[in-house]
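> Sharing a structure, written as structure tokens. Questions coming.
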Amino acid sequence: MSTSTSLSDTATQNDFAMTERDRELILATQAGLPLASDPWAELGKQLDMGADEVLARFQAMQQAGVIRRVAAVPDHYRLGYRYNGMTVWDVADDRIAELGTAIGELPFVSHCYRRPRHLPYWSFNLFAMVHGTTREEVEDKAAQIRAVLGDACQQHTILYSSAILKKTGLRLRK
Amino acid sequence: MSATTESRRQAPIADLSPVEKVLINRLQHGLPLVRRPYAAIAEELNLNEQQVLDTVKKLLAERVLTRFGPMFHAGELGGGLTLAAMRIPEVDFERVTEQVNSFEEVAHNYRREHDLNMWFVLATETRSAIENTIGAIEVTTGYPVYNMPKEQEFHVHLHFPV
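As they're listed, the protein sequences go chains A and B. Residues 831 to 1004 (this note's numbering) make up the first sequence, in order. Residues 133 to 294 (this note's numbering) make up the second sequence, in order.
Right under this line is the structure:
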């Protein structure tokens, strides 16, 4: 199934204004969604809201892009994806919009962003995250990115992660 | 902090049952937003609702899943979000890791094999707080922070098939 969405599409629907009730729901589910038959009713009990209202607010937040999706987040190391490569590319500024879109569409690229250079020290402006069970797999994927970028790319490198130092996810403060 | 994080890197590859695999694959794509979402997933996968709930609880308890819940788009929450990097000499790495991680605005922090060897995501309540937080991290640690906010997002969809 192809549920991959470019969030820049949904996120620009600016007719959504988050309310205090929505914020309460976000705070209540930062650690996770209740694992109960009707999780919306469980949340409603905690927050004194009806289950239908809770569900409708989640649907509206997802529609607006505030919530990407309600989903499982695996520890990719435990699944065998030991090699997490942040591939970074020095792409001509006048081609980056077109080429960034093309790289983002490669099925194995999980995140793809344009970011600022810090010249002369850091000249890479396109970041594409790829994962693999071996280094060779990551390098093979990087070679496919390289082929798409062609002459528009001056140089690139791969930054492998060697430890997760912290992973708490995004948090709102109470 | 660094001891536990190193152990995560070395955590064994999980030995997953067929039901666990099918659920991990399906649930990374997102739960249907309906009144009984776990029953809906169960029906789709030919399982029963209790099996879905029990399996997700077990995978969370075993830390195969780090989280199950809404994935927020921080930019859309009205706050600030950025990726930042630092270059930390080995002799100072542990101290700086503790100092950086002590900021609650630091959501993820990865060590990477590069001259820029510490990469973290900062999420702040307001956009303007990013600059202040970066300044505070520089003062606390004594090292410069390279701020690399996204200028354009081309794609975000993390999925690990098993």
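Idealized CB from N, CA, C, for every residue including glycine. For clarity, every value in this text was computed on a predicted model and none was experimentally measured.
In chain B, what lies closer than 8 Å to A:A927 by C-beta?
What you label residue 927 of chain A is simply residue 97 of the first sequence in a count that begins at 1. Chain B residues near A:A927: Q284.
> Would the beta-carbon of A:L989 fall within 8 Å of that of B:E245?
For the purposes of this step, residue 989 of chain A is taken as the residue at position 159 of the first sequence. For the purposes of this step, residue 245 of chain B is taken as the residue at position 113 of the second sequence. For A:L989 and B:E245, yes; Cβs fall inside 8 Å.
> Tell me the start and end of each unbroken beta strand (DSSP E) in the segment 973-997 of chain A that is at least 3 residues and wholly inside, in chain order.
Those beta strand (DSSP E) runs which fall completely within the segment 973-997 of chain A and span 3+ residues are 983-997.
> Could you name the residues of chain A that B:K189 contacts, counting a contact when the two beta carbons are closer than 8 Å?
Position 57 of the second sequence, counted from the first residue, corresponds to residue 189 of chain B. In chain order: L865.
> Below 8 Å on C-beta distance, what does B:N233 contact in chain A?
Counted from its first residue, the second sequence places residue 233 of chain B at position 101. Residues of chain A passing the Cβ test: L995, K996.
> I'd like to know if A:A982 contacts chain B, where contact means its C-beta is closer than 8 Å to some C-beta of that chain.
Numbered from its first residue, the first sequence carries residue 982 of chain A at position 152. False, the Cβ-Cβ gap to chain B never drops below 8 Å.
> So, are the CB atoms of A:Q985 and A:D920 less than 8 Å apart?
Residue mapping note: residue 985 of chain A aligns to position 155 of the first sequence, counting from 1. Residue mapping note: residue 920 of chain A aligns to position 90 of the first sequence, counting from 1. Yes.
> Does A:Q892 come within less than 8 Å of chain B when only Cβ atoms are used?
The residue labelled residue 892 of chain A in the question sits at position 62 within the first sequence. With 8 Å as the cut-off, A:Q892 counts as an interface residue toward chain B.
> Scan the segment 904-916 of chain A for residues whose Cβ lies nearer than 9 Å to a Cβ of chain B and list them as they occur along the chain.
Within the segment 904-916 of chain A, the qualifying residues are P904, D905, H906, Y907, R908, L909, G910, Y911, R912, N914, M916.
> Only counting the same chain, and skipping five residues up and downstream in sequence, which positions put a Cβ closer than 6 Å to that of B:L197?
For this step, residue 197 of chain B is matched to residue 65 along the second sequence. Only L191 meet the Cβ criterion.
> Along the chain, where does the beta strand (DSSP E) containing A:F938 start, and where does it finish?
As a position in the first sequence, residue 938 of chain A is number 108, starting the count at 1. Looking at the DSSP string, A:F938 is not in any beta strand (DSSP E), and its letter there is neither H nor E.
> Between the C-alpha atoms of B:V171 and B:V188, what's the straight-line distance to the nearest angstrom?
To locate residue 171 of chain B, count along the second sequence from 1; it is residue 39. To locate residue 188 of chain B, count along the second sequence from 1; it is residue 56. Per the sequence shown, residue 171 of chain B should be read as Ala rather than Val. Whole-angstrom Cα-Cα distance: 13 Å.
> Verify the CB distance criterion: does B:G162 have a CB-CB separation below 8 Å to chain A?
Along the second sequence, read from residue 1 onward, the residue named residue 162 of chain B stands at position 30. Yes, because at least one Cβ of chain A sits closer than 8 Å to the Cβ of B:G162.
> Can you find at least 3 beta carbon pairs, one from the segment 144-163 of chain B and one from the segment 173-188 of chain B, that sit closer than 8 Å?
With a cut-off of 8 Å, the segment 173-188 of chain B and the segment 144-163 of chain B count as touching, because enough Cβ pairs lie within range.
> Between A:E883, A:E872, A:L865, A:A871, which lies nearest to A:D852 when the distance is taken from Cα to Cα?
Indexing the first sequence from 1 puts residue 852 of chain A at position 22. Answer by Cα proximity: A:E883.
> Using a Cβ-Cβ cutoff of less than 7 Å, which residues in the same chain neighbour B:T256 once the five nearest sequence positions on both sides are dropped?
Taking the first residue of the second sequence as position 1, residue 256 of chain B is located at position 124. Cβ within range, chain order: G211, G212, E237, I262, T265.
> Would you mind reading off the limits of the beta strand (DSSP E) that contains B:E114?
No answer is possible for residue 114 of chain B: it lies beyond the span of chain B, which begins at 133 and ends at 294.
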